[in-house]
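See structure below.
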Amino acid sequence: MHEDCMILLKDCGLRVDSGTDQLKTSAMGFPLDILYLRNGDIPEYLQDGVADIAILGENTVVEKGSRVSKLMSLGFSKCRLSIAVPQKSGYENIRFFEGKRIATSYPATLSRFLAKNGVKAEIHQISGSVEIAPHIGLADGICDLVSSGNTLFQNKLEEKDIILKSEACIYAHENLSNEKQQLLDQLLFRIRATLEARKNKYIVLNAPRSALDQIIQILPGIKSPTVLPLAIDGWCSIHSVIPEQQFWEVIGALKQAGAEGILVIPIEKMVS
Ligand code: AMP
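Each residue of the sequence shown is one higher than the last, beginning at 831 in this note's numbering.
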């Protein structure tokens, strides 16, 4: 998450020291001081107004139950908070844990989930390496963050119930001054333009004019594609923007429709 945050800030035109030797630094290119704080401490600092905005995982905010405003999802550090048990445990549903023990670093979120399902279980709060708890006899299962699922697999654990889906978000203190709110709006504008650009690609291709209608149908562009004549008679150059997610399908369909010399170019910023 730290690396992704630093890349995002850089892409937004903020020059910031990485925070390896210091807890506080000033950004260049934007009037912002950056505080590097422990993840679990951030929601409280934000609620108390020590920090005005923060980038952190939804999982941390939900666990701390802090009164802060969520402004924007950032699309990285995606994970889920899940219940997992040793393979072949005979788990059918969360009632499996009635009278049993669960290890977690997320006791508040887990206890709400258990209460909602009417399950009384013993919660063992541990701060790290939760996945080893069942093997050392500390618990019958765990509730932990899962991303690829590799850690669970390596520890012979099976993911059973997802309690929460999470990703990195921008949060703000609930009552910002007008002056700070204006600065925040400028920062959010930059972030939006940067994230939007990451989701799209600019494409340029050549095609015979006879294939133009079909190619325009294929292109899911912002409005309509730009079409420019080529020096060769009967040919044109088509420029458009396509979503990264549809990229390979669209390129395949364009080639089939007669497109040639397709160039795909990353977009730096996108303002709609
Ligand atoms: P994985 O093996 O990819 O499923 O990752 C699981 C391990 O990484 C667990 O120990 C989690 O505590 C940790 N983890 C995964 N995703 C995140 C995240 N977004 N934030 C913090 N820790 C995470």
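Where a beta carbon is used, it is the ideal one built from N, C-alpha and C, also for glycine. For clarity, every value in this text was computed on a predicted model and none was experimentally measured.
Counted within 10 angstroms of its Cβ, other Cβ atoms place residue i as buried (16 or more) or exposed
i, result
"Phe-927", "buried"
"Val-918", "Checking the sequence, you will find Lys at residue 918 rather than Val. Label assigned to Lys-918: exposed."
"Ser-912", "buried"
"Leu-982", "buried"
"Arg-1020", "buried"
"Asp-863", "exposed"
"Asn-980", "exposed"
"Glu-1003", "The sequence given here places His at residue 1003; Glu does not occur at that position. His-1003 should be labelled buried."
"Ser-1102", "exposed"
"Asp-974", "buried"
"Pro-1055", "buried"
"Pro-964", "buried"
Residue i (DSSP reduced to helix, strand or coil)
i, result
"Arg-897", "coil"
"Val-1094", "strand"
"Pro-1119", "Since the displayed the chain opens at 831 and closes at 1102, residue 1119 lies outside it and no answer follows."
"Gln-917", "coil"
"Ile-778", "A query on residue 778 cannot be resolved here, the shown segment of the chain reaching from 831 to 1102 and no further."
"Ile-924", "helix"
"Arg-942", "helix"
"Ala-1083", "helix"
"Val-976", "strand"
"Glu-988", "strand"
"Val-1101", "coil"
"Ile-1062", "coil"
"Leu-982", "helix"
Enclosing alpha helix (DSSP H) for residue i [first to last residue]
i, result
"Ile-837", "832-841"
"Arg-1028", "1008-1028"
"Asp-851", "Asp-851 -> no alpha helix (DSSP H), and no H or E assigned at all."
"Gln-877", "872-878"
Range of the contiguous beta strand (DSSP E) that encloses residue i
i, result
"Leu-886", "883-887"
"Ile-953", "952-955"
"Leu-1058", "1056-1059"
"Ala-998", "998-1002"
"Asp-863", "863-865"
"Ala-933", "931-934"
>> Within 8 Å, do at least three Cβ pairs link the region 869-877 to the region 936-952?
In response: no
> Should the region 1057-1071 be regarded as contacting the region 1029-1042, the criterion being three or more beta carbon pairs within less than 8 Å?
Replying inline: yes
> Would you call the region 1006-1019 and the region 1074-1086 touching, i.e. three or more CB-CB distances under 8 Å?
Replying inline: no
>> With three or more C-beta pairs closer than 8 Å as the rule, is the region 1027-1036 touching the region 945-963?
In response: no
> Between the region 845-859 and the region 884-893, are three or more C-beta pairs nearer than 8 Å?
Replying inline: no
> Taking one C-beta from the region 955-971 and one from the region 880-887 each time, how about it: are there three or more such pairs within less than 8 Å?
Replying inline: no
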